Amino acid sequence: MSHSAFTGITRKHLGRLIEELAGPWRARRESELAELRGGERRRAEGAGRKPDLPFVDQALVTPAQLRRQLSHKALAIMYGVHRCTISRAIDRIRPLARRGFAE
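Read in my numbering, the sequence shown has 36 at position 36, and its numbers run on one by one without any break.
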């Protein structure tokens, strides 16, 4: 999925984009989780349930969907997750990636 035919950007640029988005995504996600928990972490980072779609894959499906207008269901089948997981991933990444392809 990292091929430029899907994303519309080179792998080198995609790598830089993922590095750039990782910090803000992690901070935003921690804030969401803290709000759900009602406070700070009670367990060490990395403990608990693993995400169905890791951050890098979330960052890949977003430009692929925006560029190629692939349905969320098609992307879900490609990644072996539920359609809602793809929708949530795009909803989380898109505000962080206000670039030409994300408008």
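Each residue gets a CB set at the ideal place from its N, CA and C atoms; glycine is no exception. Because the structure is a prediction, the values reported are computed rather than measured.
ask   = So Thr7 packs on Arg67, CB below 8 Å; how close in whole Å?
value = At roughly 6 Å, the Cβ-Cβ gap stays under 8 Å, so Thr7 and Arg67 are in contact.
query = Taking just the CA atoms, how far does Arg16 sit from Ser2?
reply = 13 Å
ask   = How would you label Gln69, buried or exposed, when you count the other beta carbons within 10 angstroms and need 16 or more for buried?
value = exposed
message = Beta-carbon within less than 7 Å of Cys84's beta-carbon, same chain only, minus the 5 sequence neighbours each way: which residues are those?
response = none
task = Measure the Cβ-Cβ separation of Val61 and Ile90 and say whether it is below 8 Å.
result = yes
message = Residues in the same chain with beta-carbon distance under 6 Å from Ala44, minus the five sequence neighbours each way, listed in chain order, please.
response = So no residue of the chain qualifies.
request  = Starting from Ile90, trace the alpha helix (DSSP H) both ways and give me its first and last residue.
outcome  = Arg83 to Ile93
request  = Could you check if Pro54 is buried or exposed, using at least 16 other CB atoms within 10 Å of its CB as the buried criterion?
outcome  = So Pro54 counts as exposed.
inquiry  = By the three-class DSSP mapping on this structure, what secondary structure does Lys12 have?
reply    = DSSP places Lys12 in helix when its eight states are reduced to three.
ask   = Which residue from Lys12, Pro63 and His82 puts its Cα closest to that of Pro95?
value = Pro63
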